[in-house]
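Asker:
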Amino acid sequence: MGNHFERGGIGEGTRPLAEERPVVDLSVPSAARMYDWLLGGSSNFEVDQTACEMLLQVAPTSREIARNNRWFLQRVVRDIAQEHGIRQFIDFGSGLPTQRNVHQIAQEVDPEARVVYIDNDPVVLALGQSLLNENDKTAILPVDMTDTETIFAHTEVARLIDFTQPVAALFVSVLHCLPDSARPKQLVQRVVDKLAPGSCVVVCQLVSDDPQVRQDVTELMRVQTHGNWGRVREKKDVEDIFEDLITEDPGLVDVTDWRPDSELQQRQRSIEWTEYGGLGKVPPRD
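Quick note on my numbering: the sequence shown kicks off at 1224 and runs consecutively.
1. In chain order, what residues of the same chain lie with their CB nearer than 8 angstroms to the CB of aspartate 1196, ignoring the 5 residues before and after it?
2. Quick check on DSSP: helix, strand or coil for aspartate 1385?
3. Return the CA-CA distance between glutamate 1466 and valine 1395, expressed in angstroms with no decimal places.
4. Compute the distance between the beta-carbons of glutamate 1498 and threonine 1284, then report whether it is under 9 angstroms.
5. Can you give the Cα-Cα distance for alanine 1391 and lysine 1417, rounded to whole angstroms?
6. Could you check how far apart the C-beta atoms of alanine 1215 and proline 1389 are, in whole angstroms? I think they sit under 8 angstroms.
7. List the residues that DSSP assigns as beta-bridge partners of glycine 1503.
8. Would DSSP call alanine 1336 helix, strand or coil?
9. With a CB to CB cut of under 7 angstroms and the five nearest residues on each side skipped, what residues in its chain are close to leucine 1261?
10. Taking 7 angstroms as the limit between beta carbons, can you name the residues of its chain near isoleucine 1303, skipping five residues before and five after?
11. Please tell me whether glutamine 1401 and threonine 1369 are closer than 9 angstroms, where the distance is taken between their beta carbons.
12. In whole angstroms, what separates the C-alpha of glutamine 1409 from that of glycine 1450?
13. When you compare the stretch 1436-1455 with the stretch 1317-1337, are there three or more beta-carbon pairs, one atom per stretch, that lie closer than 8 angstroms?
14. Considering just the uninterrupted stretch of the beta strand (DSSP E) at leucine 1364, what are its terminal residues?
15. Could you give the distance in angstroms between the alpha-carbon of arginine 1293 and the alpha-carbon of valine 1461?
16. So what does DSSP say about phenylalanine 1312, is it helix, strand or coil?
17. Along the chain, which unbroken stretches of the beta strand (DSSP E) at least 3 residues long are found entirely within the stretch 1428-1454?
18. Count the other CB atoms, across all protein chains shown, that sit within 10 Å of the CB of aspartate 1314; report buried if there are 16 or more and exposed otherwise.
19. From valine 1414 to valine 1425, what distance separates their C-alpha atoms?
20. On the DSSP bridge list, what partners appear for glutamate 1495?
21. Would you mind sorting glutamate 1471 into buried or exposed? The rule is 16 or more other CB atoms within 10 Å of its CB.
22. Looking only at DSSP bridge pairs, what is aspartate 1344 linked to?
23. Could you tell me whether the Cβ atoms of valine 1430 and alanine 1282 are closer together than 9 angstroms?
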């Protein structure tokens, strides 16, 4: 099962693991490749472009939501590295290789920053394997992001991540790809339970206040991706995930409004739906 609607992810300089890769079915649209097309990328195919055109009929500002989500990822990683001093990142559902990825931003702050990417989408793994260079402070694990037991026991996680120290766990634009049966809140909680106090948890996902938009987009993506999709949810679903975390300012917001680089910067907003979320910290243990 793939992990995204997804904001692209790993990029130049990351070391993929030499494990067997699933076969890529290019006859079925990939949510990761659709995201790439919305960002103006070239790692997509006609089937993805056709699905995106259908999506734009239902949600015309989908390009804006993709761009705003990508910029949020870059800002929040920089903030975690600079303001919180965290040097360890686990990115759940990393997406297609693109520019200004997690390890690139974190290692600009500190070249010793370490990043583990988690993604089992065959398109992401295939392109990642062919595009990425050696970087011994990064790794990509071909593991379903819900399989936390395998993730935490993995040798690459043991090599790169010290769970006695604060870690940043990123769930950026991925939880809407999980059906309710995968229990997204419980997934995040299993990760939080593993993290040291002071760790950061970033969560955002696609939401809409319009039930018709939620229904139409969910059904479109479910059909187009052959079931590799969850659903567009409501803000309350995201707020529920942050229940046991200390939410950092400015709270849970449209990610366009999460610590923008400049208040004067013109921001193109999505209308029908939005990426909603923020940054939480793991509180001290009792």
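Just so it is clear, CB atoms sit at the ideal spot from N, CA and C, and this is done for glycine as well.
Answerer: So, from the data block:
1. As displayed, the chain neither begins before 1224 nor continues past 1509, which places residue 1196 out of reach and without an answer.
2. Numbered from 1 along the sequence shown, position 162 holds the residue referred to as residue 1385. Coil, per DSSP.
3. The sequence position of residue 1466 within the sequence shown is 243, counting from 1. The sequence position of residue 1395 within the sequence shown is 172, counting from 1. Looking at the two C-alpha atoms, the distance is approximately 18 angstroms.
4. Within the sequence shown, the letter at position 275 stands for residue 1498. Within the sequence shown, the letter at position 61 stands for residue 1284. Against a cut-off of 9 angstroms, the Cβ pair of threonine 1284 and glutamate 1498 comes out as no contact.
5. Position 168 of the sequence shown, counting from 1, holds the residue named residue 1391. Position 194 of the sequence shown, counting from 1, holds the residue named residue 1417. Near 11 angstroms, if we compare the C-alpha coordinates of lysine 1417 and alanine 1391.
6. As displayed, the chain neither begins before 1224 nor continues past 1509, which places residue 1215 out of reach and without an answer.
7. Locating residue 1503 in the sequence shown gives position 280, where the first residue counts as 1. DSSP lists Val1424 and Thr1470 as the bridge partner or partners of glycine 1503.
8. Here residue 1336 corresponds to residue number 113 of the sequence shown, with the count starting at 1. Correct three-state label for alanine 1336: coil.
9. Taking the sequence shown and counting its residues from 1, the one referred to as residue 1261 is at position 38. If you ignore the 5 residues before and after leucine 1261, its C-beta comes within less than 7 angstroms of the C-beta of Cys1275, Ser1285, Arg1286 and Ala1289, all in its own chain and listed in chain order.
10. The residue given as residue 1303 occupies position 80 in the sequence shown. So the list reads Ile1309, Ala1391 and Cys1423, once near-sequence residues are dropped.
11. Here residue 1401 refers to the residue found at position 178 of the sequence shown. Here residue 1369 refers to the residue found at position 146 of the sequence shown. Rather than glutamine, the amino acid found at residue 1401 in this sequence is leucine. It is a contact, given that the beta carbons lie within the stated cut-off.
12. Counting from 1 along the sequence shown, the entry for residue 1409 is found at position 186. Counting from 1 along the sequence shown, the entry for residue 1450 is found at position 227. Here the C-alpha atom of glutamine 1409 lies approximately 21 angstroms from the C-alpha atom of glycine 1450.
13. Three or more Cβ pairs closer than 8 angstroms define a contact, and the stretch 1436-1455 falls short of that threshold against the stretch 1317-1337.
14. Taking the sequence shown and counting its residues from 1, the one referred to as residue 1364 is at position 141. In the DSSP annotation of this structure, the continuous segment of the beta strand (DSSP E) that includes leucine 1364 starts and ends at 1361-1364.
15. Residue 1293 sits at position 70 when you count from the first residue of the sequence shown. Residue 1461 sits at position 238 when you count from the first residue of the sequence shown. Between arginine 1293 and valine 1461, the alpha-carbon positions lie close to 19 angstroms from each other.
16. Here residue 1312 corresponds to residue number 89 of the sequence shown, with the count starting at 1. Here phenylalanine 1312 sits in strand by DSSP.
17. For the beta strand (DSSP E) assignment, the stretch 1428-1454 encloses no uninterrupted run of at least 3 residues.
18. Here residue 1314 corresponds to residue number 91 of the sequence shown, with the count starting at 1. Under this definition aspartate 1314 is a buried residue.
19. Your numbering for residue 1414 matches position 191 in the sequence shown. Your numbering for residue 1425 matches position 202 in the sequence shown. Using only the alpha carbons, I get a separation of about 12 angstroms.
20. Position 272 of the sequence shown, counted from the first residue, corresponds to residue 1495. Paired residues: none, contrary to the question.
21. Here the question's residue 1471 lines up with position 248 in the sequence shown. The residue in question, glutamate 1471, is buried, as its Cβ has 16 or more Cβ neighbours within 10 Å.
22. By 1-based counting over the sequence shown, the position of residue 1344 is 121. Aspartate 1344 is bridged by DSSP to nothing; it lacks a bridge partner.
23. In the sequence shown, counting from the first residue as 1, residue 1430 sits at position 207. In the sequence shown, counting from the first residue as 1, residue 1282 sits at position 59. Their beta carbons are not under 9 angstroms apart, which means valine 1430 does not touch alanine 1282 by this criterion.
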